[in-house]
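Accompanying notes for the structure given below.
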Amino acid sequence: MWAIWRPDARAVLRDKKARASLSRYFDVMEDDKPARFLIAKKLPANFNNNNSLTKLWKIHDQLTEEFYYLENQIDSRQKRLEELDAPEKSYLDLKIEIASRILEGCHFCTRRCGFNRLKGELGYCKCGTQITVSTIFEHMGEEPELVPSGTIFTLGCTLRCLHCQNWTISRWY
Numbered sequence: 248m249w250a251i252w253r254p255d256a257r258a259v260l261r262d263k264k265a266r267a268s269l270s271r272y273f274d275v276m277e278d279d280k281p282a283r284f285l286i287a288k289k290l291p292a293n294f295n296n297n298n299s300l301t302k303l304w305k306i307h308d309q310l311t312e313e314f315y316y317l318e319n320q321i322d323s324r325q326k327r328l329e330e331l332d333a334p335e336k337s338y339l340d341l342k343i344e345i346a347s348r349i350l351e352g353c354h355f356c357t358r359r360c361g362f363n364r365l366k367g368e369l370g371y372c373k374c375g376t377q378i379t380v381s382t383i384f385e386h387m388g389e390e391p392e393l394v395p396s397g398t399i400f401t402l403g404c405t406l407r408c409l410h411c412q413n414w415t416i417s418r419w420y
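Here the sequence shown stands for residues 248 to 420, numbered as in the numbering used here.
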């Protein structure tokens, strides 16, 4: 149905400039390359839950370089994702651990309120540890290369833009 409303979205699939600038996006969409989170799940990460957040970030920085190298090997077909063993702990697990630590003294947004969301404290955003979805729908109004896109609005926006078009679906009342 989206192709009828937005014929430009169908045309962009053959657009050379779009394909060149978003080549990996198109490759993932066409199942020619794996999504990055799948690669991150295969990259071993040596950390433990007692490491400081600073240490975890240091490990993250080192693994980020390894991630891009592995991604290049997979994308160039030197390695196959399916042939890599799933590690005990992965680069993705490390990212999850870092995110959990940030929740202990929350500074995800620019307000950096420092509340411990893991203990049920609610900061400026009024968000806990679970995402609260206010709206979810298929979006036809994006740029042609992104149509149709899945749009998910969550509650807890900490910005207070004067002319926000999404305030009814992005804020707690």
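Note that CB positions come from ideal geometry on N, CA and C, so glycine has one too.
Cβ neighbour criterion (16 or more within 10 Å) applied to residue i
i: Val380; result: exposed
i: Tyr315; result: exposed
i: Ala256; result: buried
i: Ala292; result: buried
i: Lys280; result: buried
i: Glu385; result: exposed
Where residue i falls: helix, strand or coil (DSSP)
i: His307; result: helix
i: Phe294; result: coil
i: Phe400; result: strand
Terminal residues of the alpha helix (DSSP H) in which residue i lies
i: Glu385; result: Where Glu385 is concerned, there is no enclosing alpha helix (DSSP H), although the beta strand (DSSP E) it sits in stretches over 380 to 386.
i: Ser417; result: 414 to 417
i: Pro254; result: 254 to 258
i: Ser337; result: Note, Ser337: premise wrong, no alpha helix (DSSP H); not H, not E.
CB contact below 8 Å: residue i versus chain B
i: Leu269; result: Protein chains in the displayed structure number just one, and chain B is not present.
For residue i, the nearest candidate out of the options (CA to CA)
i: Glu313; options: Lys289, Thr376, Glu392; result: Lys289
i: Ile286; options: Pro395, Leu328, Thr376; result: Leu328
i: Lys373; options: Lys326, Ala346, Thr405; result: Thr405
Whole-Å CB distance - residue i paired with residue j, under 8 Å assumed
i: Gly352; j: Asn363; result: 7 Å
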